[in-house]
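Visitor: Top to bottom, those sequences are chains A and B.
For the first sequence, the positions run 0 to 600 when numbering that gives the first Met the number 0 is used.
For the second sequence, the positions run 0 to 407 when numbering that gives the first Met the number 0 is used.
Sharing a structure with you now.
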Amino acid sequence: MLQDRNVLEYWRKFTAYCLVILLFSILGGRYYWLMIASHQKYAEKATSNHIREVPIEAPRGVIFDRNGKILVDNKPSYSVSIVPLEIRRRPETLTLLAKILNTTVDELKKTIKRYQRGLFVPVKIRGKVPIDIISKLQEHNLELIGVTYTIEPTRFYPSPVQLTHVLGYVREIDTEDLERLDRETYQPGDLIGWKGVEKYYESYLRGTRGYRYEVVNAYGQEIGESDWRKPIRPVAGENLHLTIDENIQNIVETELGDSSGVVVILDHTNGEIVAMASVPGYSLEMMSSLLTPDEWRKLLMNPRKPLYDRALQGLYPPGSTFKLVAAAYALENKTIDPKKTVLCKGSYRLGTRSFGCWKEGGHGRVDLEMAIEQSCNVYFYHLIQDIGLNPWAEMAKKFGFGQLTGIDLPDEKIGSVPDSKLMDRKFGVGKWTLGNLLNFVVGQGEVLVTPLQLAQYAGLIAERGKSTEPHLLKYVTDAEGRVVFSYKNERHTDLVLSDTTWAQLQNGMYQVMQSAHGSGRAARQKNWPLYGKTGTAQNPHGENHAWFIGFSLDPDLPYAWAILLENGGTGGGKAAPLMGAMLRKISKLKAPQILKQSVVK
Amino acid sequence: MANSLQRQLRDFDWILLLLAILLSMAGLLSIYSTGLLQEGLAGHNYFIRQLIWFIIGIALTIGVAMIPKKVVFNLAYVVYGIGIIALLAPFLVNDSTGTHRWVRLGGFNFQPSEYMKVIVVVALAKYFSDHHRQLQQFKQLFPPFIMVMIPTGIVILQPDLGTALVYIATLIPILFWAGIRPLYFYLLLAPIVSMMAAFNIYTFFAWMAILGLVLYLGRTKLWFAGFNFILNVFLGGLTNVLWILLKPYQQQRISSLFNLDVDPLGAGYQLIQSMTAFGSGGLLGKGLGQGTQTHLKFLPEQHTDFIMTVIGEEFGFITVAAVLLFFMLFIFRLISISFAARTRYTSLVLFGTAAVFLFHMFVNLAMIVGLMPVTGIPLPFMSYGGSFMLACFLLLGIAQNSLSGNRV
Numbered sequence: 000m001l002q003d004r005n006v007l008e009y010w011r012k013f014t015a016y017c018l019v020i021l022l023f024s025i026l027g028g029r030y031y032w033l034m035i036a037s038h039q040k041y042a043e044k045a046t047s048n049h050i051r052e053v054p055i056e057a058p059r060g061v062i063f064d065r066n067g068k069i070l071v072d073n074k075p076s077y078s079v080s081i082v083p084l085e086i087r088r089r090p091e092t093l094t095l096l097a098k099i100l101n102t103t104v105d106e107l108k109k110t111i112k113r114y115q116r117g118l119f120v121p122v123k124i125r126g127k128v129p130i131d132i133i134s135k136l137q138e139h140n141l142e143l144i145g146v147t148y149t150i151e152p153t154r155f156y157p158s159p160v161q162l163t164h165v166l167g168y169v170r171e172i173d174t175e176d177l178e179r180l181d182r183e184t185y186q187p188g189d190l191i192g193w194k195g196v197e198k199y200y201e202s203y204l205r206g207t208r209g210y211r212y213e214v215v216n217a218y219g220q221e222i223g224e225s226d227w228r229k230p231i232r233p234v235a236g237e238n239l240h241l242t243i244d245e246n247i248q249n250i251v252e253t254e255l256g257d258s259s260g261v262v263v264i265l266d267h268t269n270g271e272i273v274a275m276a277s278v279p280g281y282s283l284e285m286m287s288s289l290l291t292p293d294e295w296r297k298l299l300m301n302p303r304k305p306l307y308d309r310a311l312q313g314l315y316p317p318g319s320t321f322k323l324v325a326a327a328y329a330l331e332n333k334t335i336d337p338k339k340t341v342l343c344k345g346s347y348r349l350g351t352r353s354f355g356c357w358k359e360g361g362h363g364r365v366d367l368e369m370a371i372e373q374s375c376n377v378y379f380y381h382l383i384q385d386i387g388l389n390p391w392a393e394m395a396k397k398f399g400f401g402q403l404t405g406i407d408l409p410d411e412k413i414g415s416v417p418d419s420k421l422m423d424r425k426f427g428v429g430k431w432t433l434g435n436l437l438n439f440v441v442g443q444g445e446v447l448v449t450p451l452q453l454a455q456y457a458g459l460i461a462e463r464g465k466s467t468e469p470h471l472l473k474y475v476t477d478a479e480g481r482v483v484f485s486y487k488n489e490r491h492t493d494l495v496l497s498d499t500t501w502a503q504l505q506n507g508m509y510q511v512m513q514s515a516h517g518s519g520r521a522a523r524q525k526n527w528p529l530y531g532k533t534g535t536a537q538n539p540h541g542e543n544h545a546w547f548i549g550f551s552l553d554p555d556l557p558y559a560w561a562i563l564l565e566n567g568g569t570g571g572g573k574a575a576p577l578m579g580a581m582l583r584k585i586s587k588l589k590a591p592q593i594l595k596q597s598v599v600k
Numbered sequence: 000m001a002n003s004l005q006r007q008l009r010d011f012d013w014i015l016l017l018l019a020i021l022l023s024m025a026g027l028l029s030i031y032s033t034g035l036l037q038e039g040l041a042g043h044n045y046f047i048r049q050l051i052w053f054i055i056g057i058a059l060t061i062g063v064a065m066i067p068k069k070v071v072f073n074l075a076y077v078v079y080g081i082g083i084i085a086l087l088a089p090f091l092v093n094d095s096t097g098t099h100r101w102v103r104l105g106g107f108n109f110q111p112s113e114y115m116k117v118i119v120v121v122a123l124a125k126y127f128s129d130h131h132r133q134l135q136q137f138k139q140l141f142p143p144f145i146m147v148m149i150p151t152g153i154v155i156l157q158p159d160l161g162t163a164l165v166y167i168a169t170l171i172p173i174l175f176w177a178g179i180r181p182l183y184f185y186l187l188l189a190p191i192v193s194m195m196a197a198f199n200i201y202t203f204f205a206w207m208a209i210l211g212l213v214l215y216l217g218r219t220k221l222w223f224a225g226f227n228f229i230l231n232v233f234l235g236g237l238t239n240v241l242w243i244l245l246k247p248y249q250q251q252r253i254s255s256l257f258n259l260d261v262d263p264l265g266a267g268y269q270l271i272q273s274m275t276a277f278g279s280g281g282l283l284g285k286g287l288g289q290g291t292q293t294h295l296k297f298l299p300e301q302h303t304d305f306i307m308t309v310i311g312e313e314f315g316f317i318t319v320a321a322v323l324l325f326f327m328l329f330i331f332r333l334i335s336i337s338f339a340a341r342t343r344y345t346s347l348v349l350f351g352t353a354a355v356f357l358f359h360m361f362v363n364l365a366m367i368v369g370l371m372p373v374t375g376i377p378l379p380f381m382s383y384g385g386s387f388m389l390a391c392f393l394l395l396g397i398a399q400n401s402l403s404g405n406r407v
């Protein structure tokens with residue numbers, strides 16, 4: 000009843016009080032832990048919650064040729080990014096975005112997953128987006144919350160020359176690179192130099208990324224710039240000044256046309272490469288935009304292998320151009336009397352095998368100078384037997400074969416110079432014969448060189464054993480034009496031979512160009528004395544490779560070169576005339592000083 | 000007439016009302032802050048409405064306190080019946096959202112389940128005043144049990160699990176306060192513990208061992224002990240069935256309690272954001288209108304269930320501690336006058352009031368810092384919402400009403 004008296008045991012009140020105190024202690028403790036003990040952690044979290052760091056990409060350094068002409072530059076292009084949080088909130092955004100970008104939702108999801116760095120950090124999903132797509136995105140602005148587009152610098156190529164393999168290209172960084180590289184500098188979605196000088200001089204070319212800080216609300220929408228976190232300006236990459244001469248490069252590329260081959264022209268006084276072309280190449284413009292898997296497959300499967308840089312990765316038998324190695328040894332060590340003649344009847348018999356000379360009728364009696372001039376094989380078959388394999392291989396290595404030239408490009412190949420150790424390993428002790436040797440001396444068999452090595456070799460003869468390693472970089476400047484690095488042209492002596500030896504070698508090469516029967520006469524220039532050596536390398540896979548190497552001692556045109564035409568035929572018949580055409584055009588750019596050449600007899 | 004009103008208000012406890020007003024003002028300040036960044040008066044819509052309800056609420060408390068206590072006592076079961084009908088009313092209207100919580104009355108939306116909390120307190124208090132002597136028998140506990148289970152069942156179907164728990168949470172303390180034998184009290188609580196323990200097989204076996212021991216030591220009749228034990232095992236098994244029957248969002252709310260980062264944008268999102276708000280507030284807070292979590296809308300429902308996060312982020316631990324202290328004083332005051340009350344009815348109403356408020360406070364303040372599942376229980380006097388605000392002041396009014404004539 001309403002008036003019933005309240006008689007309660009005291010312990011019930013006590014229990015109730017205890018329970019209340021217990022519950023409020025739990026709350027008090029939890030709030031203390033959260034707000035005082037963990038304050039630091041949550042304060043940071045709250046900040047990162049609403050300040051979004053937006054990267055500002057730094058432009059890569061510009062690449063110039065030796066005369067200051069721009070080879071590679073930057074131009075602004077749009078890229079589209081998306082905040083992953085928004086996609087999780089509104090998956091329908093992706094459907095619309097995929098439609099506008101002309102891709103699939105799955106593809107976008109894959110990209111986001113691959114590059115995601117947190118829910119609030121925008122993920123770049125597409126670079127080099129054309130302006131009409133950007134305006135479409137702008138139209139759907141309100142439905143595409145969390146989708147942002149930024150202007151970022153991308154590569155473009157204003158120069159008329161290709162320079163495919165020298166310049167190389169940049170591509171998006173992949174997860175493998177990221178494991179290897181510094182996580183502070185490189186982030187998913189970044190561009191990185193992938194081939195050529197873009198790769199080799201990545202550390203100069205790459206700028207330092209900047210950041211701006213925007214305030215966002217819980218929907219990831221930007222409210223404004225942060226007023227307490229100042230933006231960090233990006234620092235542009237440093238500029239490369241190459242040794243390449245755009246004019247000469249242009250001549251070389253034009254003359255090579257659509258053949259498969261290589262031309263390397265370098266300044267033998269300082270190792271500077273003025274022109275280097277490996278054809279066929281590919282379009283750097285295409286590589287730096289989005290390549291479809293189909294286009295990529297086409298490049299990969301192309302039987303003419305445009306992706307590979309023949310100049311320093313192509314390994315070829317050098318053919319007769321290699322005879323100078325044996326000649327140098329014989330002259331220096333007086334293995335033979337250079338005046339002594341050998342009878343060439345068009346072929347040479349060793350045991351049951353016959354080794355031919357290129358001239359079927361034979362050269363008759365030839366001495367060393369004639370043997371070089373007319374490229375007589377039989378003479379060298381005799382010579383190598385007097386020299387022996389290992390002394391000959393030693394000499395070849397001193398000329399730079401079988402080792403890196405040290406060029407400032409990635410992935411150079413070393414080739415091979417066979418000696419008895421290599422032959423024992425390959426065929427077994429005693430399983431190889433003198434016959435192999437006869438092949439080597441004329442640059443066949445296991446002898447493999449890169450075109451760059453042959454150009455260096457020509458330069459070494461021009462400079463009488465002194466050289467600077469071939470290189471592409473002259474100096475590096477920063478954004479204000481100050482020189483921050485210069486390539487040190489350090490000349491070193493690679494090969495000590497007597498002056499008479501050098502003179503005789505040079506004279507032999509001079510005769511190749513000048514004499515009526517000289518195999519390189521097709522490249523002869525009026526008023527410009529040249530030195531050369533042709534080569535025709537037999538190729539088990541098809542037509543012979545045509546070589547022509549040489550140099551000029553003119554102080555204004557101190558060039559050494561190597562030209563290779565894959566499956567081009569004979570050196571004298573194909574390579575020399577083409578090189579001659581190039582040299583003629585080059586001499587029009589810069590007239591040679593006509594020197595009275597006193598050829599040492 | 001004036002005399003009788005005066006007599007009715009003679010025992011009015013002004014301390015309780017003062018504490019309620021202080022807490023309401025803290026709530027109003029927070030709601031004011033959430034509207035600060037919005038343009039013009041529109042941002043303060045919530046604040047103005049809450050202010051009006053607050054003023055109506057004070058009037059309601061005093062008004063209800065002036066009703067003769069006898070009327071309230073006698074009409075308790077009738078009002079209970081009306082309350083049940085009101086609870087069922089939303090089901091008659093076809094609601095597109097699939098929930099049945101709201102009733103439209105004269106241009107106002109109100110939630111019958113909020114007022115039912117008050118009705119249950121009064122009805123239980125009346126029952127236990129009327130059946131004081133018989134309480135030593137276990138079967139006397141069935142009518143109040145049914146009295147609670149009916150609204151609980153309806154509200155679960157609405158579906159509003161949080162509010163449904165309030166009714167059960169009212170019954171248990173009232174039973175305790177009504178002087179039920181400790182063993183019965185224990186056995187009544189046992190099924191709840193059994194169901195919770197059933198989430199883990201080891202805790203379940205441990206709990207069953209304890210239960211068996213208590214039944215043995217309590218010297219109950221064998222059939223009673225056996226029935227009780229089997230019931231608990233059965234309920235433990237039922238838990239797993241019920242878990243499957245829970246709506247996915249309810250399941251997620253419970254599991255997100257244990258691992259917040261599993262689904263940072265789903266059920267765990269609110270918790271991460273609210274904990275970040277508290278944690279970043281520190282000792283003194285960021286200042287009025289400076290809370291980034293609050294104003295950048297990282298916090299959902301910040302003016303309703305999560306109102307305390309605004310205080311935490313903007314005014315710091317000191318203010319949070321002060322609010323906790325006020326809440327505790329409010330509960331202490333209710334318990335202390337309840338214990339000292341002259342009549343059993345007064346004592347039970349006051350204690351039931353304390354139980355309802357304590358349940359809301361604890362569950363709300365615990366869930367927003369990740370100590371409990373997010374159940375949608377608002378914070379008394381502080382959370383935005385007309386129905387709830389008025390229900391709180393109504394309950395306070397009923398408590399004041401029961402006090403009249405307390406001192407002879």
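By construction, the Cβ of each residue, glycine as well, lies at the ideal position given by its N, Cα and C atoms.
On a predicted model such as this, the values are computed, not experimentally measured, just so you know.
Arg9 of chain B to Ala124 of chain B, Cα distance in whole Å?
Guide: Residue mapping note: residue 9 of chain B aligns to position 10 of the second sequence, counting from 1. Residue mapping note: residue 124 of chain B aligns to position 125 of the second sequence, counting from 1. Approximately 22 Å between the Cα atoms of the pair.
Visitor: Per DSSP, what kind of secondary structure is Glu445 of chain A in: helix, strand or coil?
Guide: Here residue 445 of chain A refers to the residue found at position 446 when the first sequence is read from its first residue. Coil at Glu445 of chain A, not helix or strand.
Visitor: Taking all protein chains shown into account, decide if Pro316 of chain A is buried (16 or more other Cβ within 10 angstroms of its Cβ) or exposed.
Guide: Along the first sequence, read from residue 1 onward, the residue named residue 316 of chain A stands at position 317. Burial call: buried.
Visitor: What are the boundary residues of the alpha helix (DSSP H) that includes Thr308 of chain B?
Guide: Mapped onto the second sequence, residue 308 of chain B falls at position 309. Note, Thr308 of chain B: alpha helix (DSSP H), 306 to 339.
Visitor: Against Lys40 of chain A, what residues of chain B qualify as contacts under a CB-to-CB distance less than 8 Å, listed in chain order?
Guide: Here residue 40 of chain A corresponds to residue number 41 of the first sequence, with the count starting at 1. Within 8 Å Cβ-Cβ: Gly278.
Visitor: Would you give the residue range spanned by the beta strand (DSSP E) that Ala329 of chain A belongs to?
Guide: Locating residue 329 of chain A in the first sequence gives position 330, counting from the first residue. No beta strand (DSSP E) contains Ala329 of chain A, which is instead part of the alpha helix (DSSP H) from 322 to 331.
Visitor: So, is the C-beta of Met381 of chain B closer than 9 Å to a C-beta in chain A?
Guide: Position 382 of the second sequence, counting from 1, holds the residue named residue 381 of chain B. No, its Cβ sits nowhere closer than 9 Å to a Cβ of chain A.
Visitor: Please state whether the Cβ-Cβ distance between Ser78 of chain A and Glu151 of chain A is less than 9 Å.
Guide: Here residue 78 of chain A refers to the residue found at position 79 of the first sequence. Here residue 151 of chain A refers to the residue found at position 152 of the first sequence. The answer is yes: Cβ separation under 9 Å.
Visitor: Just to confirm before moving on: does the CB-CB distance between Glu8 of chain A and Gly178 of chain B stay below 9 Å?
Guide: Position 9 of the first sequence, counted from the start, is the residue given in the question as residue 8 of chain A. Position 179 of the second sequence, counted from the start, is the residue given in the question as residue 178 of chain B. For Glu8 of chain A and Gly178 of chain B, yes; Cβs fall inside 9 Å.
Visitor: Under 8 Å Cβ-Cβ, which residues of chain A neighbour Ala122 of chain B?
Guide: Start at 1 with the first residue of the second sequence, and residue 122 of chain B comes out as number 123. Simply none; closest approach about 14 Å.
Visitor: For Lys12 of chain A, would you say it is in contact with chain B, using Cβ-to-Cβ distances shorter than 9 Å as the test?
Guide: By one-based count along the first sequence, residue 12 of chain A stands at place 13. Closer than 9 Å to some Cβ of chain B, the Cβ of Lys12 of chain A qualifies, so yes.
Visitor: At least one CB of chain A closer than 9 Å to the CB of Ala168 of chain B: is that the case?
Guide: By 1-based counting over the second sequence, the position of residue 168 of chain B is 169. For Ala168 of chain B, the answer is no, since every Cβ of chain A falls outside 9 Å of its Cβ.
Visitor: Between the segment 346 to 375 of chain B and chain A, which residues of the former have CB atoms less than 7 Å from a CB of the latter, in chain order?
Guide: So the close ones are Ser346, Leu357, Phe361, Leu364, Ala365, Val368, Leu370.
Visitor: Can you name the residues that DSSP bridges to Met275 of chain A?
Guide: The residue labelled residue 275 of chain A in the question sits at position 276 within the first sequence. Met275 of chain A pairs with A:Val263.
Visitor: At a Cβ threshold of 9 Å, is Asn5 of chain A touching chain B?
Guide: Against the first sequence, residue 5 of chain A aligns to sequence position 6. It does; some Cβ of chain B falls within 9 Å.
Visitor: In whole angstroms, give me the CA-to-CA distance for Leu395 of chain B and Thr352 of chain B.
Guide: As a first step, residue 395 of chain B must be located in the second sequence, where it is residue number 396. As a first step, residue 352 of chain B must be located in the second sequence, where it is residue number 353. About 7 Å.
Visitor: For the alpha helix (DSSP H) holding Asp423 of chain A, just list the boundary residues, first then last.
Guide: Against the first sequence, residue 423 of chain A aligns to sequence position 424. Per DSSP, Asp423 of chain A belongs to the alpha helix (DSSP H) from 419 to 426.
Visitor: Of all the options A:Thr334, A:Tyr156, A:Val446, which has the alpha carbon lying nearest to the alpha carbon of Lys396 of chain A?
Guide: For the purposes of this step, residue 396 of chain A is identified with residue 397 of the first sequence, where counting begins at 1. When only C-alpha atoms are compared, the closest one is A:Val446.
Visitor: Contact criterion: CB-CB distance below 9 Å. Does Leu1 of chain A meet it with respect to chain B?
Guide: The sequence position of residue 1 of chain A within the first sequence is 2, counting from 1. Interface residue, yes.
Visitor: Got a sec: which bits of the segment 15 to 30 of chain A sit with their beta carbon under 9 Å from any beta carbon on chain B, in order along the chain?
Guide: Residues Ala15, Tyr16, Leu18, Val19, Ile20, Leu22, Phe23, Ile25, Leu26, Gly27, Arg29, Tyr30.
Visitor: Does the beta carbon of Thr46 of chain A sit closer than 9 Å to a beta carbon anywhere in chain B?
Guide: Here residue 46 of chain A refers to the residue found at position 47 when the first sequence is read from its first residue. Chain B, which has a Cβ nearer than 9 Å to the Cβ of Thr46 of chain A, makes this yes.
Visitor: Which class does Asn566 of chain A belong to by DSSP, given the choice of helix, strand or coil?
Guide: Counted from its first residue, the first sequence places residue 566 of chain A at position 567. If DSSP states are grouped into helix, strand and coil, Asn566 of chain A belongs with coil.
Visitor: Using 9 Å as the threshold, is the C-beta distance between Asn400 of chain B and Thr342 of chain B below it?
Guide: The residue labelled residue 400 of chain B in the question sits at position 401 within the second sequence. The residue labelled residue 342 of chain B in the question sits at position 343 within the second sequence. Not closer than 9 Å, so no.
Visitor: Around the Cβ of Glu175 of chain A, are there at least 16 other Cβ atoms within 10 angstroms (buried) or fewer (exposed)?
Guide: Locating residue 175 of chain A in the first sequence gives position 176, where the first residue counts as 1. Per the 10 Å Cβ criterion, exposed.
Visitor: Does DSSP put Leu162 of chain A in a helix, in a strand, or in coil?
Guide: Locating residue 162 of chain A in the first sequence gives position 163, where the first residue counts as 1. Of the three classes helix, strand and coil, the one that applies to Leu162 of chain A here is coil, per DSSP.
Visitor: Determine the extent of the beta strand (DSSP E) in which Gly572 of chain A is found, giving its start and end residues.
Guide: One-based indexing of the first sequence puts residue 572 of chain A at position 573. Run containing Gly572 of chain A: none; DSSP gives neither H nor E here.
Visitor: Is it the case that the segment 455 to 471 of chain A contacts the segment 493 to 501 of chain A, given that we only count it when at least three CB pairs across the two stretches are under 8 Å?
Guide: Output reads yes: the segment 455 to 471 of chain A touches the segment 493 to 501 of chain A.
Visitor: According to DSSP, which residues form a beta bridge with Arg125 of chain A?
Guide: Here residue 125 of chain A refers to the residue found at position 126 when the first sequence is read from its first residue. Arg125 of chain A pairs with A:Val79.
Visitor: Output needed in chain order: residues of the segment 7 to 33 of chain B with a Cβ under 8 Å from some Cβ in chain A.
Guide: Of all residues in the segment 7 to 33 of chain B, none has a Cβ within less than 8 Å of some Cβ in chain A.
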